[in-house]
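Heads up: the sequence shown runs through residues 1 to 196, numbered per the UniProt record's numbering.
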Amino acid sequence: MPDTRDDIRDDAPLTTAKHGDALDEAKAALVEDRGDSLVGRSVTINRPRAELYAFWRDFARLPAFMENVERVDMLDERTSHWVVKAPGGRTVEWDAVITEDRPGELIAWASTEGADVPNSGRIDFRDAGERGTVVTATILYDPPAGLLGKLIARMFQREPAIQARRDLRRFKQLMETGEIATAARNRRELEEEEEG
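What follows is the structure in structure tokens.
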């Protein structure tokens, strides 16, 4: 039996689909509408779905691979406080509440009222057979200072579309190899070179 358009599903997030209803479909997949800028990124990681979900669900570990996240403090089982680097050396903060949590499948959240950056989103974990798991991040947000803020963030490489791609790549490296590759030398390496 031939595949119909509805039967075809690839690794790409809904936000990259070619058909016209993709944006509406991606927004509808989010539990809360918190913003007007939509970002969707996917990566295939050669690890079991349950393992990836468990790592991600411990939000305090997210700064290990999310470059601009300074810290995530768990306030209770469903509420977290985020501190994130912003352009110009500042930070932005917000509280987020988990709106849906299906172990091994997805985590959805929405920022609470008064967030510096109103946002909502979801992380989906889907089997990819022998290749491991497809992890898809879909984020809806309002950049601080609107369009101007988005342009400034892009100049400083802190725009969520850029950062989501980098963070998912870093998550893949961490989960597959146990470390994140970097071209930069850290302080300890520089000190060892100076001593040697």
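Where is the CB? At the ideal position from N, CA and C, for every residue including glycine.
6 Å CB neighbourhood of residue i in its chain, flanking five on each side removed
i           : result
residue 53  : 104, 125
residue 111 : 34, 94, 96, 118, 119
residue 72  : 59, 60, 62, 80, 82
residue 171 : 65
Residue i burial status per 10 Å Cβ neighbour count (16 or more: buried)
i           : result
residue 46  : exposed
residue 138 : buried
residue 66  : buried
residue 177 : exposed
residue 164 : buried
residue 133 : buried
residue 167 : buried
residue 155 : Residue confidence for residue 155 is low, a pLDDT of 45 falling below 50, so the modelled location carries little weight; the figure read from the coordinates is stated next. Classification of residue 155: exposed, given that the 10 Å Cβ count is below 16.
residue 86  : buried
residue 88  : exposed
residue 50  : exposed
residue 129 : exposed
Residue i: first and last residue of the uninterrupted alpha helix (DSSP H) it sits in
i          : result
residue 52 : 49-57
Bounding residues of the beta strand (DSSP E) (the contiguous stretch that carries residue i)
i           : result
residue 267 : For the chain, the structure presents residues 1 to 196; residue 267 sits outside this window and is missing.
residue 179 : No beta strand (DSSP E) contains residue 179, which DSSP labels as neither H nor E.
residue 92  : 91-102
residue 108 : 106-111
residue 127 : 119-127
residue 197 : Outside the displayed range of the chain (1 to 196) lies residue 197, so it cannot be described from this structure.
Closest residue to residue i among the options (Cα-Cα distance)
i           : options           : result
residue 84  : 102, 107, 106, 60 : 60
residue 181 : 64, 41, 107, 58   : 64
residue 115 : 122, 93, 51       : 93
residue 40  : 174, 123, 62      : 123
residue 140 : 131, 172, 109     : 109
Own chain partners of residue i with C-beta closer than 8 Å, once the 5 adjacent residues on each side are dropped
i           : result
residue 169 : 43
residue 48  : 132, 133
Cut-off 7 Å between Cβ atoms - residues of its own chain near residue i, not counting five sequence neighbours on either side
i           : result
residue 70  : 63, 83, 84, 85, 91
residue 57  : 107
residue 174 : 64, 65, 180
residue 127 : 49, 133
residue 68  : 84, 85, 158, 163
On the three-pair Cβ rule with 8 Å, is the segment 91-102 touching the segment 58-78?
The segment 91-102 vs the segment 58-78: in contact.
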